[in-house]
Amino acid sequence: MVLPDLESLRCFEAGASRLNFRAASKQVALSPAAFSDRIRRLEEQVGTPLFTRSTRRVALTEAGHALWPRAREALEAARLCLSPAAPDTTPYALTVSTRFELGLSWLLPALKVLEVKVPHRTLHLHFADSPEMLQALRNGLVDCAISSVRIAESNIRYATLHEEDYALVASPALLKAHPLREPEDAAALRLLDISGDLPLFRYFLDARPPGERWLFESVQYLGTITAVRHRALEGDGVAVLPRYFVRSQVKAGELKVLFPSLALRTDAFRLIWRAGHPREAQLEALGAELRALPIR
Numbered sequence: 014m015v016l017p018d019l020e021s022l023r024c025f026e027a028g029a030s031r032l033n034f035r036a037a038s039k040q041v042a043l044s045p046a047a048f049s050d051r052i053r054r055l056e057e058q059v060g061t062p063l064f065t066r067s068t069r070r071v072a073l074t075e076a077g078h079a080l081w082p083r084a085r086e087a088l089e090a091a092r093l094c095l096s097p098a099a100p101d102t103t104p105y106a107l108t109v110s111t112r113f114e115l116g117l118s119w120l121l122p123a124l125k126v127l128e129v130k131v132p133h134r135t136l137h138l139h140f141a142d143s144p145e146m147l148q149a150l151r152n153g154l155v156d157c158a159i160s161s162v163r164i165a166e167s168n169i170r171y172a173t174l175h176e177e178d179y180a181l182v183a184s185p186a187l188l189k190a191h192p193l194r195e196p197e198d199a200a201a202l203r204l205l206d207i208s209g210d211l212p213l214f215r216y217f218l219d220a221r222p223p224g225e226r227w228l229f230e231s232v233q234y235l236g237t238i239t240a241v242r243h244r245a246l247e248g249d250g251v252a253v254l255p256r257y258f259v260r261s262q263v264k265a266g267e268l269k270v271l272f273p274s275l276a277l278r279t280d281a282f283r284l285i286w287r288a289g290h291p292r293e294a295q296l297e298a299l300g301a302e303l304r305a306l307p308i309r
């Protein structure tokens, strides 16, 4: 039986991970034509297509899905056979996608700690909103993402990092002029949120009695929680925001929590990656490291 060529397996693994032949060819330092030729030769040896390809999309066939974990094992075994007793300190990189606020307030300051813990690992950051982030993950443009978005897809794996608690907040000056104690009081106030489907305010609504109506004087969509917090601090409306994101402002008396005894629905930050990722063990380890870092 003819053994598969390791370089062809390396090209296949890159293609399976990226699902983008141009990006995969760059990863293995081959021209797109040479990369495609390696895939073709491996498919001939296996006797069946490993990818379905169109002008817009690359996907693994059933045979490709079956081969992917075995190809990774073969490549890892080939690499380790050269230094079986040495710890694995081979340099590698992971690209982590996250939303702007969480990345700047928590992940960016954590990079130095993470670099000390695993010095042979480089973490690249990719900032995006949730739809763009998940699209980049599905297309293999990033290795993982940190998000509270729930994804019901069989080819997605995740590790829970931190719970995300929410609170309805407003400036004390605004509440002094227009107290908010009952749903009817909302008629004198503006609601601040990030988009028209009111994803933040729904954390509050879900905790209230069914059928309760909160009709605000107006609603303003601001795109990011940073902008929402800024407007709330200026006294321009009420908003539901993550508690970690307004903790210092609440402590300083710049914002006040409304209905403090009401338990709003919680969410959680998760480290998300595609099933079968060649660095799955390292991604799980990264998840454990991030879980040990307090959210802020």
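If you count by the numbering used here, then the sequence shown holds residues 14 to 309, one letter each, in order. For every residue, glycine included, the Cβ atom is placed at its ideal position computed from N, Cα and C. Owing to the predicted nature of the structure, the values given are computational and were not obtained by experimental measurement.
Exercise for the section: Assign H243 to one of two classes, buried (16 or more other C-beta atoms within 10 Å of its C-beta) or exposed (fewer than that). Expected result: exposed
Practice task
State buried or exposed for S184, treating a residue as buried only when at least 16 other CB atoms are found within 10 Å of its CB.
Solution key: buried
Practice task
Please classify L303: is it buried, with 16 or more other beta-carbons within 10 angstroms of its beta-carbon, or exposed?
Solution key: buried
Practice task
Could you pull out every residue in the same chain whose Cβ sits closer than 8 Å to the Cβ of A123, ignoring the five residues on either side in sequence?
Solution key: L303 and L306
Exercise for the section: Count the other CB atoms, across all protein chains shown, that sit within 10 Å of the CB of K269; report buried if there are 16 or more and exposed otherwise. Expected result: buried
Handout entry: Three-state secondary structure (DSSP) of R304
Key = helix
Practice task
Give the DSSP bridge partners of H137, in chain order.
Solution key: T108
Problem - Reduced DSSP category for L254 - H, G, I as helix; E, B as strand; rest coil - result: strand
Problem - Residues near G209 in its chain [Cβ-Cβ closer than 7 Å; skip 5 each side] - result: Y234
Problem - Proximity to L19 [Cα-Cα], best of Q58, R203 and A265 - result: Q58
Handout entry: Span separating the alpha-carbon of V263 from that of V253
Key = 13 Å
Problem - Exposure of H290, with buried meaning 16 or more beta-carbon neighbours within 10 Å - result: buried
Practice task
Flag this pair as yes or no: are the beta carbons of A199 and V259 separated by less than 8 Å?
Solution key: no
Exercise for the section: From the DSSP output, in three-state form, read off L218 for me. Expected result: helix
Problem - Bounding residues of the alpha helix (DSSP H) (the contiguous stretch that carries T239) - result: I238 to L246
Practice task
Using alpha carbons as the reference points, say which of K39, L202, P17 and T239 lies closest to G116.
Solution key: T239
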